[in-house]
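Note sheet for the following structure.
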Amino acid sequence: MQVEVLIVGAGFGGLAMAHELDRRGIDDYLIAEKAGAVGGTWRDNTYPGAACDVPSHLYSLSFAPNPFWSRLFPRQAEIRAHVEATSRPWIQRGKLRFGWPLATLEWRPERSLWRATNAAGEVIEARVVVAAMGGLHVPNWPDLPGRETFAGRHCHTARWDHGIEMRGKRIGVIGTGTSAIQVVPELAKSARRLHVFQRTPVWVLPRPDWAIPRWLQRLFAAWPPLRLVVRGAIYLQLEALSLALLKPRTAFWARWLARRQLRTQVTDPELRRVLTPDYPIGCKRIALSNDFYPALMQPNVAVETTAIAAIEPDGVRLRDGRLIELDVLAYATGFRPMDLLAGVDIAGVGGARLAERWRERPTTANGVAVPGFPNLFFLLGPNTALGHNSVLYMIESQARHVADLVDDAREAGAARIEARPEAETRFMQAIDAAFPGTAWAGGCKSWYLDEGGHNIALWVGPSLAYRWRLRRARRRDYTLA
Ligand code: N01
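The opening residue of the sequence shown carries number 0 in numbering that gives the first Met the number 0; numbering runs sequentially from there.
Below, the structure is given as structure tokens:
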């Protein structure tokens, strides 16, 4: 089978890309999805309490607004249902191929196209490949000694096992990132005993969540400009947050809000002390929650701050020798952002492997393309995640950029679109120059950084600046041949 554009992944990214191709009248494309359903991260992350921390009217694709969001901060099931509804026209048009896990991509220079194969050896040839596989999709199972020996049940927040009975059980949650902050209050409701293993405390801001009344939903449906105004207002408010992350000294109000919440919700001074972060707010992803601290105050919940020595059949052994006996162990230990290619073997010009090229650090031109790998584009690739605003804005900026390039190549009769090496250098220099002095460079450990402390994940600046950069980059940063 041969298509002009192969989109890999049917999450928000894949749908945004398909929409941009449709807008330009490019119909010869296919979306290949490894799983049996759409939704990407919102299909996979089903742990209790999973929700988005960006308000719903902004956290929607611009071309698929939903006036009927039930809450300001949507829950996983509602977002998943929304992605499914959005994808329906493409499914009806036969544009989606489910159960197609991409395994290899090989550039065929003689025909200027990519040869994609899946795990079963099936082949799709494509002029252009857009990898919309998501930024955080490979769960991080920590390297704790004895992990395989645990005799109870276990799961990871990113692959929740709903078959595990949690009620009345002794549960351990490892990690206190944004996933843990959401799952802990839910588990605390019915656990016999819940142990939260914290290595580093996280900054927690109040979550101004509320149900959107039916009359307002109907008003949003009847009068779309209102929805646009609300969307724009949320966007600008979050965009203003970038200042606090770029210039941490200006984040005094956020520190004050977080400390006030900690003071009022945690009355035990020792617990308050261990929950107080010692790094700039925003260095790690800021958590939004009203019920995390109250959950930790419940009599059936304990925060363990002693380091984990090993996992044993009966539970978690701490460095001070104590054994915390458990029936269930939940890993809220995040993702492996360096596994960007998710095991896909990509061979570009001259057989060069992208995994090898990115071994030390994933570098790109504009976060979307790599010299030596023509006609291959990434959505939400390296250095395009955000710490302050909706990543859907970044995804849509990239989808437009890529579709414009495909359109340009069509018009020029070109078979190859390739990022210039100097574009890659320019982009990485811009990222690195902007990084020092930001909250993210504040000395904490986060998935934004690699072992060497390089920023591998974040766009360093307002999202508007990224969209502007992509608009200018089109003519300057690529060769069409
Ligand atoms: O993962 P994380 P996450 N022993 O990497 C700990 C998005 N997201 O799944 O901080 C003990 O942030 C680790 O400890 P430390 C969002 O972009 C969005 O929570 O490294 N602990 C940390 O506490 C977010 O940033 C929403 O010291 C270990 C935790 O595990 C991203 O996903 C909701 C350990 C991992 O935290 C990832 O969040 C949820 C070990 N060996 C997630 N290894 C929204 O609302 C790791 N840890 C949209």
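Every residue, glycine too, gets a C-beta built ideally from N, C-alpha and C. The structure displayed is predicted, hence computed values, not measured ones.
- Query: Do you know offhand how far Ile30's Cα is from Gly10's?
  - Reply: 10 Å
- Query: Taking the runs of the beta strand (DSSP E) that are 3 residues or longer, which of them lie wholly in the segment 354–426?
  - Reply: 375–377, 416–418
- For Thr332, does the count of other Cβ atoms within 10 angstroms reach 16, so buried, or fall short, so exposed? buried
- Message: Going by C-alpha to C-alpha distance, which of His453, Asp403, Glu417, Ala414 sits closest to Ile430?
- Response: His453
- Please go through the segment 74–122 and give each complete alpha helix (DSSP H) segment of 4 or more residues, from N-terminal end onward. 75–91
- The beta strand (DSSP E) enclosing Arg284, as first and last residue numbers: Per DSSP, Arg284 belongs to no beta strand (DSSP E) and is neither H nor E.
- Query: Is it the case that the Cβ atoms of Trp106 and Ala346 are separated by a distance below 8 Å?
  - Reply: yes
- To the nearest angstrom, how far is it from the Cα of Arg358 to the Cα of Glu450? 12 Å
- Query: Using 8 Å as the Cβ pair cut-off and three pairs as the minimum, do the segment 381–395 and the segment 234–250 touch?
  - Reply: yes
- Query: Considering only residues of the same chain and omitting the five flanking positions on each side of His81, which have a CB-CB separation below 6 Å?
  - Reply: Asn65
- Message: Out of Tyr292, Arg473, Leu287, Ala257, which one is the CA nearest neighbour of Val265?
- Response: Tyr292
- Message: Rounded to whole angstroms, what is the Cα-Cα separation between Phe434 and Tyr392?
- Response: 21 Å
- Message: I'd like to know if the segment 274–286 and the segment 248–256 are in contact, where contact means that at least 3 CB-CB pairs between them fall below 8 Å.
- Response: yes
- Can you name the start and end residues of the alpha helix (DSSP H) that Leu261 belongs to? 251–264
- Cα-Cα separation, Arg360 to Asp338: 11 Å
- Query: So, is Lys444 buried or exposed, given that buried needs 16 or more other C-beta atoms within 10 angstroms?
  - Reply: exposed
- Alpha-carbon to alpha-carbon, Arg318 and Pro461: 42 Å
- Which of helix, strand or coil DSSP assigns to Pro207: coil
- Item | Close Cβ partners of Ala368 (< 6 Å) along its chain, the five nearest in sequence each way excluded | Phe376, Ala418
- Item | DSSP-derived helix/strand/coil call for Asp21 | helix
- Query: In or out: Leu322 buried (at least 16 other Cβ within 10 Å) or exposed?
  - Reply: exposed
- Can you tell me whether DSSP reads Glu147 as helix, strand or coil? helix
- Is the shortest distance between the beta-carbon of Ser396 and the beta-carbons of chain C less than 8 Å? As a matter of chain content, chain C is missing from the structure shown, which is built from one protein chain.
- Count the other CB atoms within 10 Å of the CB of Gln260; is the residue buried (16 or more) or exposed (fewer)? buried
- What separation, rounded to the nearest whole angstrom, lies between the Cα atoms of Val459 and Arg399? 20 Å
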